[in-house]
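Right, one structure below, let's go through it.
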Amino acid sequence: MMKNLLVTLAIVALALAGPLAMAKDTKPESQILIQNVKVFDGVSDNLSSTTNILIKGNKIASISTDAKSGSDATVIDGGGRVLMPGLADTHVHLAFGSMNQTVVFVGDAGYNYIHQTKDAKGYLMRGVTVVRDMGGDVFGLKLAIDQGMVPGPRIYASGATLSQTAGHGDFRFHNQQHPKFGGSTPEYVKQGMGYIVDGVPDVLTAARENLRRGASQIKMMAGGGYSSPADPLLGNQYNFEEIKAAVDTAKDWGTYVTIHSYHPSAINRAIDAGVKDVGHGQLLDEKTLKRMAKEGVFLSTQPFTVCNEPQLDAFSNAKLEQVCKGTAYVYETAKKINGLKITYGTDLFFVPEEVIGESVQQMERLLKWYQPVEILRMATGNTTELWKMSGIRNPYPDGDLGVVKEGAYADLLLVEGNPLEDLSAVTDQDNLKIIMKDGKIYKNTLN
């Protein structure tokens, strides 16, 4: 009986490990040679001279005019177009995306999980090959994508958000009592979409539960939010000891904590506790931004330039207007600070499908402050180090993401036009001629 149990546990562990444990020995090494392309590598200011890219399996094997393939390779003529890294979105919510909020909170969980696959495919077909999911139960979706069952981007999953009572992640209806005071556990908590936890012991339990389920990093609500129904925008959430408890637990598992917060007081508290990534920061001041640059803390922010959203009530829209007004200042100030690591994200959730469909187009909002190459770096090369911060929790540890170089994962876009001069080469989906992820072509309009 014990032997059977051990065999069962081994099978379960193999399944949970996904392609990292299963694909290496079974997947034949295909070859794709893309000829006659200019390369934006995710880091440089300029395109390369015309060259060839040889892809073996899921990696870039060679970048050279002399790159050659075997006789059975697929050969693609790039026609002088630009080849670049697949895009990254460092703040998505695939469990909530274009879902109706009421359906998520009181509807059928099975429908929710199936709906996730639709939004995931949409991101990939817009050229987004890797995302960081900043809250929600997407572990099953991630496994299905990694095993090739459904199309979608690579996912760095946070699992359930950690929120204090009455914090940004406390989305109970007004008449729902806290479970400790006679209320029932909200459905979204049961589904692992978000945890409401107070005090060091419960924070530790919640963080460890996410890590047990496969989280790449931990997400905490460290300050007020505009979409949450109860909390003030400028309030601090979680005390130092609670944040440090999550940071220490993440560090014990080789990874890090990212936070939701907009303003200096909450963000400085979190940095004091060891947080290495700020998930918003639209109300930050120059002093804190300089501190982040000095201490290597990422600013993973979003271009919130629309100051009113129809799905929000007056209370939430008033808070959104404050955040929106801070966006310009943060980008203008951050641009002047040497060494500040900035990534691109969108944070779209509970919005119509057509809004989700504009996730890449939102990059154009940054043209007020940045050149196209600077914007593209936020969504490519600037993220390479961020993915590696997951350490031993990194689900894709065998190659770099966000760059075009030998040994990197073959997550690539072939685009019409020069994206370093005209961002529409990337934001207009018609200009995405080839979308490749993990060495597999998901779109090719050259044929």
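If you want our numbering, it's the position in the sequence shown, counting the first as 1, plus 17. Just so it is clear, CB atoms sit at the ideal spot from N, CA and C, and this is done for glycine as well.
Residue i versus residue j - alpha carbon distance
| i | j | result |
| --- | --- | --- |
| VAL314 | TYR273 | 11 Å |
| LEU50 | LEU71 | 5 Å |
| THR68 | TRP404 | 28 Å |
| PHE156 | GLY362 | 20 Å |
| ASP428 | ILE284 | 33 Å |
| VAL347 | GLY242 | 17 Å |
| PRO320 | MET101 | 23 Å |
| TYR140 | ILE213 | 29 Å |
| GLN193 | GLY199 | 9 Å |
| ARG308 | LYS293 | 12 Å |
| ILE77 | ASP415 | 12 Å |
| VAL56 | SER65 | 5 Å |
| VAL375 | LYS336 | Looking at the sequence shown, residue 375 is not Val but Glu. Their Cα atoms are separated by approximately 23 Å. |
| ALA442 | GLU226 | 42 Å |
| LYS135 | ALA396 | 22 Å |
| HIS277 | LYS236 | 7 Å |
| VAL24 | LEU160 | Reliability fails at VAL24, whose pLDDT of 49 lies under 50, so the model's placement of it is uncertain and the value that follows must be treated cautiously. The alpha-carbon atoms of VAL24 and LEU160 are separated by roughly 21 Å. |
| PHE332 | ASN411 | 39 Å |
| ALA223 | LYS73 | 41 Å |
| PRO168 | LYS138 | 5 Å |
| ALA310 | GLU402 | 14 Å |
| THR275 | ASN75 | 29 Å |
| SER115 | LEU301 | 29 Å |
| LEU179 | MET210 | 10 Å |
| THR82 | GLN133 | 41 Å |
| PRO218 | ASP330 | 34 Å |
| ILE288 | GLY216 | 19 Å |
| GLY252 | GLY240 | 6 Å |
| VAL206 | MET238 | 15 Å |
Whole-Å CB distance - residue i paired with residue j, under 8 Å assumed
| i | j | result |
| --- | --- | --- |
| GLN48 | ALA90 | 4 Å |
| SER317 | GLY296 | 5 Å |
| LYS422 | ASP58 | 6 Å |
| ASP106 | ASN53 | The pair is not a contact, with the Cβ atoms about 30 Å apart (cut-off 8 Å). |
| GLY424 | GLY398 | Contact flag wrong, Cβ pair sits at about 15 Å. |
| THR360 | THR344 | Not quite, the Cβ-Cβ distance comes to about 15 Å (not below 8 Å), so this is no contact. |
Sequence-distant residues of its chain with Cβ nearer than 7 Å to residue i (five each side left out)
| i | result |
| --- | --- |
| PHE113 | VAL121, GLY153, PHE366, PHE367 |
| THR444 | VAL377, GLN378, MET380, GLU381 |
| LYS460 | MET142, LEU449, ILE451, ILE452 |
| GLU204 | PHE122, VAL123 |
| THR350 | GLU303, LEU306 |
| PRO36 | Confidence at PRO36 is low in this model, with a pLDDT of 45, below 50, so the placement of that residue should be treated as unreliable; the coordinate-derived value is given next. Same-chain partners within the cutoff: ASP163, GLN164. |
| ALA126 | GLN208 |
| LEU221 | ALA262, THR266 |
| LYS352 | TRP386, TYR387 |
| VAL390 | ASP62, LEU437 |
| LEU357 | LEU306, MET309, ALA310, LEU316, ALA351 |
| VAL477 | Residue coverage of the chain in this structure runs from 18 to 464, which leaves residue 477 outside it and unanswerable. |
Status (buried if at least 16 other CB within 10 Å, exposed otherwise) for residue i
| i | result |
| --- | --- |
| PHE257 | exposed |
| GLN181 | buried |
| TYR255 | buried |
| PHE188 | buried |
| GLU438 | exposed |
| ASN355 | exposed |
| ILE409 | exposed |
| PRO196 | exposed |
| SER175 | buried |
| TYR128 | exposed |
| ASN464 | exposed |
Boundaries of the beta strand (DSSP E) in which residue i is found, first to last residue
| i | result |
| --- | --- |
| GLN52 | 48 to 56 |
| HIS110 | That residue, HIS110, is in no beta strand (DSSP E); it is neither H nor E in DSSP. |
| ASP94 | 91 to 94 |
| ILE276 | 274 to 277 |
| PHE315 | 315 to 318 |
| GLY211 | 211 to 213 |
| TYR346 | Taken as a continuous stretch (DSSP letters only), TYR346 belongs to no beta strand (DSSP E), being part of the alpha helix (DSSP H) at 331 to 352. |
Neighbourhood of residue i by C-beta, 6 Å cutoff - its chain only, sequence neighbours within 5 removed
| i | result |
| --- | --- |
| ASP42 | Reliability fails at ASP42, whose pLDDT of 47 lies under 50, so the model's placement of it is uncertain and no value is given. |
| VAL92 | LEU50 |
| VAL109 | VAL148, ASP150 |
| THR146 | GLY103, PRO170, ASP428, LYS454 |
| GLN118 | PHE367 |
| LEU228 | TRP270 |
Residue i, enclosing alpha helix (DSSP H) - first and last residue
| i | result |
| --- | --- |
| ASN461 | That residue, ASN461, is in no alpha helix (DSSP H); its beta strand (DSSP E) goes 457 to 461. |
| VAL264 | 257 to 269 |
| LEU228 | 216 to 230 |
| HIS132 | 126 to 142 |
| ARG149 | Here ARG149 belongs to no alpha helix (DSSP H); instead the beta strand (DSSP E) covers 145 to 150. |
Cβ-based neighbour list, residue i, same chain, cut-off 8 Å, excluding 5 preceding and 5 following
| i | result |
| --- | --- |
| ALA183 | ALA247, ASP248 |
| LYS268 | GLY291 |
| ILE392 | TYR361, MET380, LEU383, LEU384, LEU440 |
| GLU46 | LYS73, GLY74 |
| SER407 | TYR173, SER233, GLN234, GLY271, THR272, TYR273 |
Contact with chain C by residue i, beta-carbon distance below 7 Å
| i | result |
| --- | --- |
| ASP136 | Chain labels in this structure do not include chain C; a single protein chain is all it has. |
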